[in-house]
Amino acid sequence: MSHKHEIKKTHVTFVEFDDVIAEKLALNTEYFGEGNSKDRKLEFDFEYCLNCNLRLLNGNPAMTQGILEDEFERYVKNARNNRYQSVAETTVQHSDFEVLQNLIRKAMEFGKLRANNS
73 MSHKHEIKKT
83 HVTFVEFDDV
93 IAEKLALNTE
103 YFGEGNSKDR
113 KLEFDFEYCL
123 NCNLRLLNGN
133 PAMTQGILED
143 EFERYVKNAR
153 NNRYQSVAET
163 TVQHSDFEVL
173 QNLIRKAMEF
183 GKLRANNS
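Per the working numbering, the very first residue in the sequence shown carries number 73; after that it's consecutive.
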């Protein structure tokens with residue numbers, strides 16, 4: 073099935089912040105986290121077609137569906153429901169940051185494989 077792509081783009085930034093331990097937060101009102109953040113950021117131009125599975129991260133094919141639903145696919149769903157966002161920023165706890173980084177790398181590898189096989 074051939075169609076003209078209806079492309080939208082959202083600039084997505086993931087900002088690392090300190091891990092927060094709920095028990096410490098409940099005991100100390102001045103507690104602001106573990107102090108383990110490395111102040112890292114991940115930034116992507118996420119381009120997507122509203123009518124098919126075309127997904128690009130910084131211009132490279134990516135397979136975000138089923139892998140990064142909350143991180144990227146929610147912007148596709150929002151745009152389809154007339155709630156398009158051109159810019160988004162999300163905070164990620166330190167302990168989850170590298171996991172997210174690895175998932176994004178794998179999504180890009182899968183996207184490249186899929187593009188090479190089509």
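Where is the CB? At the ideal position from N, CA and C, for every residue including glycine.
Item to check | Nearest to Phe116 (by Cα), restricted to the options Leu97, Phe89, Ala98, Ala160 | outcome: Numbered from its first residue, the sequence shown carries residue 116 at position 44. Phe116 has its Cα closest to that of Ala160, out of Leu97, Phe89, Ala98, Ala160.
Checklist entry - So what does Val84 bridge to, in DSSP terms? => result Numbered from 1 along the sequence shown, position 12 holds the residue referred to as residue 84. Its beta-bridge partners are Phe116, Ala160.
Checklist entry - Looking at the structure shown, is Arg155 part of a helix, part of a strand, or coil, going by DSSP? => result For the purposes of this step, residue 155 is taken as the residue at position 83 of the sequence shown. Reduced to three states, the DSSP call for Arg155 is coil.
Checklist entry - What does DSSP give as the partner residues of Leu128 in its beta bridges? => result For the purposes of this step, residue 128 is taken as residue 56 along the sequence shown, with counting starting at 1. Beta-bridge pairing links Leu128 to Glu119, Pro133.
Checklist entry - Leaving out the 5 sequence neighbours to the left and right, which residues in its chain are closer than 8 Å to Asp90 when beta-carbon positions are compared? => result Counting from 1 along the sequence shown, the entry for residue 90 is found at position 18. Excluding residues up to 5 positions away in sequence, Phe104, Gly105, Glu106, Gly107, Asn108, Ser109, Gln165, His166 lie with their Cβ nearer than 8 Å to the Cβ of Asp90 in the same chain.
Checklist entry - Is the CB-CB distance between Ile193 and Glu119 below 7 Å? => result Nothing about residue 193 can be reported from this structure: the residues present for the chain run from 73 to 190 only.
Next on the checklist: Nearest by alpha-carbon distance to Phe169: which of Lys76, Arg112, His83 is it?
Outcome noted: The count along the sequence shown starts at 1 and reaches residue 169 at position 97. Of the listed residues, the one whose Cα sits closest to Phe169 is Arg112.
Next on the checklist: Please state the DSSP three-state secondary structure of Ile93.
Outcome noted: Here the question's residue 93 lines up with position 21 in the sequence shown. Here Ile93 sits in coil by DSSP.
Checklist entry - Whose CA, out of Leu97, Tyr147, Arg152, lies closest to the CA of Thr85? => result Residue mapping note: residue 85 aligns to position 13 of the sequence shown, counting from 1. Here the closest residue by C-alpha is Tyr147.
Checklist entry - Using CA coordinates, which residue listed in Leu114, Lys76, His75 is at the minimum distance from Glu88? => result In the sequence shown, counting from the first residue as 1, residue 88 sits at position 16. That would be Leu114, whose Cα lies nearest to the Cα of Glu88.
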